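Q: Mind looking over this structure? Questions follow.
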Amino acid sequence: MSGDGAPELDFARMSVEFAGALSPGDRAPVRLLPLTPERWRHLAPGDLITMYETSVAGRTAQVLSRFGAV
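Quick look at the structure:
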């Protein structure tokens, strides 16, 4: 949470793996490319993250794996 009580959001580019699109209710592996990687380094496989497309929480995702520098 930020100082004013609003959630702090960390942005990432998302691409759907092995599918052309991801419709509401669908499930698929996705790849996230964080815009601020240092704010994502604490995540590990098994962690849950909340996904947003608007100001309202959309879905929860489970981290399956990590790549890149720690």
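As numbered in my numbering, the sequence shown has no gaps in its residue numbers, which increase by one up to the final residue, 56.
Cβ coordinates follow ideal geometry from the N, Cα and C atoms, glycine included.
Note that this is a predicted model, so its numbers are computed, not measured.
Which two residues bound the contiguous beta strand (DSSP E) that contains A(-2)?
A: Translated into the one-based positions of the sequence shown, residue -2 becomes position 12. Here the beta strand (DSSP E) through A(-2) covers -2 to 2.
Q: Going by DSSP in three states, R27 sits in which element: helix, strand or coil?
A: Your numbering for residue 27 matches position 41 in the sequence shown. Three-state result, R27: coil.
Q: Short check: CB of P15 to CB of E3, under 7 Å?
A: Looking up residue 15 in the sequence shown gives position 29. Looking up residue 3 in the sequence shown gives position 17. Yes, they are a contact pair.
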